[in-house]
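*Asks:* Here it is, the structure in full.
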Amino acid sequence: MHFFIKLGLNLIKMKNLTLFLCTVFFVVLCTFTIYFLEPDNFKSLLNSFYFVMTTFTTVGYGDYSPITLAGKLFTVFMYLVGIGLLGAVIGKIIDSLTIYRRKKEEGKMPYTKESHIIIIGWGKKAESAVNEILNSNSSVEIVIIDTLPKSPFDFALNRVHYIQGDSAEEETYEKANISKAKSVIIFADDKIQDPSLRDAKTLNVAIVVERLAPSVHTTVEILTEKHTSNFAHVKVDEFILSQETISSLAVRSAMYKGISKVYSQLISRQHGEDIYRLYKKKNWITYKDAFKELLEQGATLIADREHLDINRRLDENIPDDAELFVICNNDTYQKLR
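Positions in the sequence shown are counted from 1; adding 6 to them yields our numbering.
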């Protein structure tokens with residue numbers, strides 16, 4: 007008994023690859039040995055392999071069994087050693103899965119895929135952004151970067167991944183595979199009360215992001231519009247003015263009843279009409295050509311990139327690199343694509 011206890015402890019201490027190779031070797035050895043001892047009984051190596059595996063897993067069906075003394079004695083030896091080997095292998099696999107799950111929940115597993123969206127800073131706004139992305143796109147994956155002890159999203163949700171780390175450290179972004187990301191969204195730190203300090207931290211994060219991934223589209227939330235000048239030397243693609251946007255919406259809602267519902271539809275794809283991006287078609291020479299054709303199909307052309315004065319530029323030619331934005335429902339957009 008002491009021998010088998012010691013054997014079991016040694017098996018547990020083995021490295022995974024060594025244990026796996028030893029198990030494979032022992033299975034092959036037993037397969038050839040039992041066939042050599044009773045070739046007429048087992049008739050083929052496949053049958054002897056089947057007998058070995060059912061014996062190891064203690065589910066032996068009795069359709070194959072040794073009939074000689076040598077075969078029976080070897081089977082007893084094979085059973086005692088084999089079940090220990092197989093048990094150790096299964097235990098290692100379970101331990102590995104448990105460790106993997108824990109590391110993934112704690113944000114310690116690097117992300118290796120591409121074309122994902124990275125969200126830096128967890129809070130209510132980040133949570134809303136994640137839900138909006140998941141509802142807007144059925145394939146894009148999201149990587150959240152924060153210092154939370156565990157992922158804020160359910161582990162079973164395979165499209166949302168978590169990286170635990172300091173947003174000012176390069177190693178954190180390497181784990182998030184930022185160089186292969188589609189875009190990055192930087193939210194202001196809600197834990198900092200002073201708006202100037204919050205924007206200062208956002209600036210620091212933006213500097214690191216742009217240094218590591220200058221070609222990745224970056225969207226930054228800032229609290230005060232005058233602080234945008236501090237980002238002049240950082241290649242930020244878009245700014246979201248948090249406080250000003252909320253204040254402006256509140257004022258317009260007070261002046262024009264129901265306008266907040268229009269805003270809600272335009273900034274969310276979960277209901278109503280939405281804003282979508284299209285590119286120039288070959289038969290569209292002027293903005294009027296695009297405007298008329300899109301209108302006939304149920305979409306309204308409203309802008310080319312940040313230019314909202316399309317209605318005053320209908321006779322102008324559309325540049326080849328134009329990014330046209332339209333308002334329509336999802337079904338219409340799918341047809342237009």
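Backbone N, C-alpha and C define an ideal beta-carbon position, used for all residues, glycine too.
How far does the alpha helix (DSSP H) with L154 in it reach, from first residue to last?
*Replies:* Position 148 of the sequence shown holds residue 154. Looking at the DSSP string, L154 is not in any alpha helix (DSSP H), and its letter there is neither H nor E.
*Asks:* Sorted by chain position, which residues of the same chain lie with C-beta nearer than 8 angstroms to I40's C-beta, five sequence neighbours on each side aside?
*Replies:* As a first step, residue 40 must be located in the sequence shown, where it is residue number 34. F48, S54, F57, V58, P72, G77, F80, T81, M84, listed in sequence order.
*Asks:* Which residues in the same chain as Y339 place their Cβ atom closer than 7 angstroms to its Cβ, once the five residues preceding and following it in sequence are excluded?
*Replies:* Within the sequence shown, numbered from 1, the residue matching residue 339 stands at position 333. Excluding positions up to five away in sequence, the list reads Y282.
*Asks:* Can you tell which of K114, Q199, N210, E138 has the C-alpha that lies nearest to the C-alpha of T153?
*Replies:* Here residue 153 refers to the residue found at position 147 when the sequence shown is read from its first residue. Comparing Cα positions, the closest option is K114.
*Asks:* Sort E227, E120, L27 by Cα distance to K181 and report the nearest one.
*Replies:* Here the question's residue 181 lines up with position 175 in the sequence shown. Considering only alpha carbons, the answer is E120.
*Asks:* Roughly how many whole angstroms lie between the Cα atoms of I184 and N323?
*Replies:* Position 178 of the sequence shown, counting from 1, holds the residue named residue 184. Position 317 of the sequence shown, counting from 1, holds the residue named residue 323. If you take the alpha carbons of I184 and N323, they lie about 37 angstroms apart.
*Asks:* Can you name the start and end residues of the beta strand (DSSP E) that F331 belongs to?
*Replies:* As a position in the sequence shown, residue 331 is number 325, starting the count at 1. First-last of the beta strand (DSSP E) with F331: 329-334.
*Asks:* Please go through the same chain and pick out, in chain order, the residues whose beta-carbon is closer than 6 angstroms to the beta-carbon of W290, but skip the five residues on each side of it.
*Replies:* Translated into positions along the sequence shown, residue 290 becomes position 284. Excluding sequence neighbours, W290 sits near A296, I324.
*Asks:* Below 8 angstroms on the Cβ atoms is my contact criterion, and I expect V95 with T29 to pass it. Report the Cβ-Cβ distance as a whole number of Å.
*Replies:* In the sequence shown, the residue the question calls residue 95 occupies position 89. In the sequence shown, the residue the question calls residue 29 occupies position 23. Confirmed, Cβ separation roughly 5 angstroms.
*Asks:* Ignoring anything shorter than 4 residues or poking outside the stretch 273-331, list the alpha helix (DSSP H) runs there in chain order.
*Replies:* 293-302, all fully within the stretch 273-331.
*Asks:* Who are the Cβ neighbours of P220 in its own chain at under 7 angstroms, not counting the five residues just before and after it?
*Replies:* Along the sequence shown, read from residue 1 onward, the residue named residue 220 stands at position 214. Answer for P220: K241, listed in chain order.
*Asks:* So, for T118: in the same chain, excluding its five sequence neighbours on each side, which residues have a beta-carbon less than 7 angstroms away from its beta-carbon?
*Replies:* Here residue 118 refers to the residue found at position 112 when the sequence shown is read from its first residue. These residues qualify, in order along the chain: N183.
*Asks:* Please say whether I148 and I125 have beta carbons closer to each other than 8 angstroms?
*Replies:* Position 119 of the sequence shown, counted from the start, is the residue given in the question as residue 125. Position 142 of the sequence shown, counted from the start, is the residue given in the question as residue 148. Yes, these two residues count as a Cβ contact at 8 angstroms.
*Asks:* Please classify Q199: does DSSP put it in a helix, a strand, or coil?
*Replies:* The sequence position of residue 199 within the sequence shown is 193, counting from 1. It is coil, neither helix nor strand.
*Asks:* Since V174 and V214 should fall inside the 8 angstroms C-beta cutoff, what is the C-beta to C-beta distance between them, to a whole number of angstroms?
*Replies:* The sequence position of residue 174 within the sequence shown is 168, counting from 1. The sequence position of residue 214 within the sequence shown is 208, counting from 1. The residue asked about is misnamed: residue 174 is Ala in this sequence, not Val. Confirmed, Cβ separation roughly 6 angstroms.
*Asks:* Below 8 angstroms on the Cβ atoms is my guess for L91 versus F32; work out the distance and round it to an integer in Å.
*Replies:* One-based indexing of the sequence shown puts residue 91 at position 85. One-based indexing of the sequence shown puts residue 32 at position 26. That pair is a contact at about 6 angstroms.
*Asks:* Exposed or buried, which one is D280 when buried takes at least 16 other CB atoms within 10 Å?
*Replies:* In the sequence shown, counting from the first residue as 1, residue 280 sits at position 274. Per the 10 Å Cβ criterion, buried.
*Asks:* In the DSSP assignment, the beta strand (DSSP E) including V226 goes from what residue to what residue?
*Replies:* Taking the sequence shown and counting its residues from 1, one reaches residue 226 at position 220. First-last of the beta strand (DSSP E) with V226: 223-228.
*Asks:* Could you tell me the boundaries of the alpha helix (DSSP H) in which I96 lies?
*Replies:* Here residue 96 refers to the residue found at position 90 when the sequence shown is read from its first residue. Counting along the chain, the alpha helix (DSSP H) containing I96 begins and ends at 75-111.
*Asks:* Starting from I184, trace the beta strand (DSSP E) in both directions and tell me its first and last residue.
*Replies:* By one-based count along the sequence shown, residue 184 stands at place 178. Element bounds for I184: n/a, residue is neither H nor E.
*Asks:* Whole-angstrom Cβ separation of I191 and V166, contact assumed at under 8 angstroms?
*Replies:* Position 185 of the sequence shown, counted from the first residue, corresponds to residue 191. Position 160 of the sequence shown, counted from the first residue, corresponds to residue 166. In fact, because the Cβ distance is near 14 angstroms, the residues do not count as touching under 8 angstroms.
*Asks:* Is it the case that the Cβ atoms of L209 and F237 are separated by a distance below 8 angstroms?
*Replies:* By one-based count along the sequence shown, residue 209 stands at place 203. By one-based count along the sequence shown, residue 237 stands at place 231. Taking 8 angstroms as the Cβ cut-off, L209 and F237 qualify as a contacting pair.
*Asks:* Which residues in the same chain have their Cβ closer than 7 angstroms to the Cβ of G304, if we skip the five residues on either side of it in sequence?
*Replies:* Sequence index remark: in the sequence shown, residue 304 carries index 298 (1-based). Same-chain partners within the cutoff: C334, T338.
*Asks:* Within a Cβ cutoff of 7 angstroms, which residues of the same chain sit near T64, ignoring the five residues on either side of it in sequence?
*Replies:* Residue numbering aside, residue 64 sits at position 58 when the sequence shown is read from its first letter. Around T64: I89.
*Asks:* Going along the chain, which residues of its own chain have a beta-carbon closer than 7 angstroms to the beta-carbon of E44, five neighbours each way excluded?
*Replies:* The residue labelled residue 44 in the question sits at position 38 within the sequence shown. Excluding positions up to five away in sequence, the list reads P72, I73, T74, G77.
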